[in-house]
Amino acid sequence: MKSQSIYSSLLLCILTFTHFLPIAAYKCVDFLDPLDPSKQAIVDCPPTVNNDAYVKPVCAKVREAYDNAGEEISKVLKLKQIIHVNATFTDLFDATILGSAYSARYMSLTSDDKIMRNYPQALVKQFSLTVYPEYNADDILASFNAGQNWWFRTDNETIGSDQFDFYLIVLHELIHGLGFSSSWGNYIEVADNQNTTGLTPNVNFNDDSQFEGFTERIFDKYVKFIPNGVSSTSIYYTSQLNESIPIGTSFNNISEFVTQIKSSPQWDYAESALLSATTNGGLTFIPAKNTSWNEEFYLESSIIPYVQGSSITHISLLYESTSDFLMKYIFNPGESMEYLIQRGGNYSSPIGPRILSVLESIGYETDAYPNPIIPTYEH
Ligand SMILES: [Zn+2]
């Protein structure tokens, strides 16, 4: 079997500078004809910062971290197709953001339980389907905040107490891009500028603005909500929400849709999903059989109020001192990957068994899980 590494096909290493030299009306002389030195022109040539000296080494370090993260992932996943990562490194002007990544395209396939779910493109490529939904040029879109104080392992210096390990964050984000990501979110109320009172999976409308139901992601097939100690599967909540409004109902705008669904009795399930996502012990992941971790474990549900992108889609902080630290939702400055690996017991891989079991459950092949469940594509 061919095994190839993840690589960054498009690296846009953009650095934004906040300090510019004042520009004065400087003039230069251009010689226009090599055979006739009398042909000259006076041109503007304002003082210009030589960015190359700084940009090139930083870009090289950024690229090296991307490549190393790809190699680390390729050590554990048996990838049959190259995964293209479109990654940018630019100042996001937000001190709270380290980076983010997501699948560039999700595709609707039928899981083994005959339910249609959204699968990330990087994963679909590994299924080697003879007919497949058209691929986006990129598999994963990633963005990292150049405005942070990054530490690059290739500098061979000790990490500062105010620095973040760039490689650690890149690896974390790429795991999201591979499919460690729930569809449950507060999108519909946010779209209507309302406060969050419930969560739903991704909602679908056709070109005629008709409601086509909610679709969960393959990650959610293994998610369980436990509000008030009563446990239900994600697909049960999704199927209940799909009863809230008849499929095919037309809406003039998002407000009309949000009002109607929130007045349906099924909105209770959206509220229960939110309660689970904001209650300690309210959310679990039950891996598929025979994967690298065969017990139920908790997902992040301790953040109050709910934060889209941080709640649900991470492993619980309960496991931050275990080999599964990589997918906790928050990293402290001064924590290098080596420190986190050694703190809990010198693991052989930064991608711990719970994290691996998530990737295996959704369909990635590994040494421990040679026969993943392959969905079908109905076309
Ligand atoms: Zn994350």
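Read left to right, the sequence shown gives residues -25 to -1, 1 to 354 (mature numbering (1 follows the signal peptide of the UniProt record, and there is no 0)).
Built from N, CA and C at the ideal position, the CB exists for glycine as well.
Quantities reported herein were computed from a predicted structural model and do not represent experimental measurements.
Item, Value
"G188 (DSSP reduced to helix, strand or coil)", "strand"
"Among S336, A97, Y244 and N43, the one whose alpha carbon lies nearest that of Q56", "A97"
"Beta-ladder partner(s) of N255, from DSSP", "DSSP lists no partner for N255."
"G154 versus Y94: straight-line alpha-carbon distance, rounded", "8 Å"
"For Q15: DSSP bridge partner residues", "F6"
"Simplified DSSP state of D243, which is helix, strand or coil", "helix"
"DSSP three-state assignment for N43, whether helix, strand or coil", "helix"
"Other residues of its chain near S332: CB distance less than 6 Å, five sequence neighbours each side excluded", "P262, T266, S267 and W268"
"Rounded straight-line distance, which links the Cα of D140 to that of N124", "9 Å"
"Under the three-state DSSP convention, the category P108 falls into", "coil"
"Any non-hydrogen atom of ligand 1 within 7 Å of H147 CB", "yes"
"Simplified DSSP state of F300, which is helix, strand or coil", "helix"
"Euclidean distance between Cα positions of R80 and V99", "10 Å"
"N181, buried or exposed, once every other Cβ within 10 Å from all chains shown has been counted against 16", "exposed"
"L149 to W126 span [Cα, whole Å]", "18 Å"
"Pair within 8 Å by beta-carbon distance, T172 and E246", "yes"
"Residue closest to F306, alpha-carbon to alpha-carbon, out of D87, S136 and E270", "S136"
"CB of T105 within 8 Å of CB of T351, strictly", "no"
"DSSP three-state assignment for A248, whether helix, strand or coil", "helix"
"Neighbourhood of I220 by C-beta distance below 8 Å, restricted to the same chain and skipping five residues each side", "F186, F232, Q235, I236 and S239"
"beta-carbon Y304 near ligand 1 non-hydrogen atom, thresh 7 Å", "yes"
"Presumed contact (8 Å Cβ cut-off) between I326 and L292, rounded CB distance", "I326 to L292, Cβ: 18 Å. No contact."
"Selected residue, minimal CA-CA separation from E46, among G188, N61, K303 and Y142", "Y142"
"Exposed unless 16 or more other CB atoms sit within 10 angstroms - verdict on Y314", "exposed"
"Bridge-paired residues (DSSP) for G74", "F119"
"Test item: CB-CB of V145 and A44 under 8 Å", "yes"
"Integer-rounded CB distance, given that A112 should sit under 8 Å from G152", "About 15 Å; that fails the 8 Å criterion."
"Paired residues, beta bridge with I210 - DSSP", "I210 is not bridged to any residue."
"For V205 and T254, the rounded distance between their alpha carbons", "13 Å"
"Through-space distance from T175 to C20, alpha-carbon basis", "57 Å"
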